[in-house]
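Following the numbering used here, the numbering of the sequence shown begins with 680 at its first residue and continues without gaps. Notes follow the structure.
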Amino acid sequence: NEEIMDEKNSMQRFFDALAKTPGKVSYGKEAVLSLISAAAVDTVLISESLSDEEIEKFENEAEKFGTSVKIISVETNEGVQLRELGGVAAMLRYECNA
680 NEEIMDEKNS
690 MQRFFDALAK
700 TPGKVSYGKE
710 AVLSLISAAA
720 VDTVLISESL
730 SDEEIEKFEN
740 EAEKFGTSVK
750 IISVETNEGV
760 QLRELGGVAA
770 MLRYECNA
């Protein structure tokens with residue numbers, strides 16, 4: 680399934696960056712939301728395990744700042760890992776050491 684492969688690739692890029700350049704990624708709802716508002720997020724990865732209201736909040740905020748959104752299913756190991764990271768992860772436009 681192409682969609683699942685895309686999700687796995689997105690999550691793999693996140694985990695690679697987390698290992699190599701941790702300043703270019705973030706995770707957790709509050710941290711990611713504030714980085715979106717600071718226009719620092721290139722792509723936000725959102726677990727489908729979040730409530731519709733939470734997903735909508737992230738999508739609306741992302742739209743304001745030109746951030747792309749990927750909804751990640753929990754049908755893969757990567758998706759389960761995202762859920763365990765709080766359900767939200769971000770690939771940043773530039774390194775932030777906040």
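The C-beta atom is built at its ideal place from N, Cα and C for all residues, glycine as well.
Start and end of the beta strand (DSSP E) containing residue i?
{"i": "V748", "result": "747-751"}
{"i": "A768", "result": "767-771"}
Please report the distance separating the alpha-carbon of residue i from that of residue j.
{"i": "I734", "j": "T700", "result": "26 Å"}
{"i": "K736", "j": "L724", "result": "13 Å"}
{"i": "I683", "j": "L714", "result": "26 Å"}
Please state the DSSP three-state secondary structure of residue i.
{"i": "S730", "result": "coil"}
{"i": "L724", "result": "strand"}
{"i": "L712", "result": "helix"}
Tell me which residues share the same chain as residue i and place their Cβ nearer than 6 Å to its Cβ, disregarding the 5 neighbours each side in the sequence.
{"i": "K687", "result": "T755, E757"}
{"i": "V748", "result": "V723, E738, A741"}
For my contact list, residue i and residue j are in at a C-beta cut-off of 8 Å; report their separation, rounded to the angstrom.
{"i": "K703", "j": "V767", "result": "Not really, about 16 Å apart at Cβ, beyond 8 Å."}
{"i": "E727", "j": "S752", "result": "5 Å"}
Terminal residues of the continuous alpha helix (DSSP H) containing residue i?
{"i": "K703", "result": "Looking at the DSSP string, K703 is not in any alpha helix (DSSP H), and its letter there is neither H nor E."}
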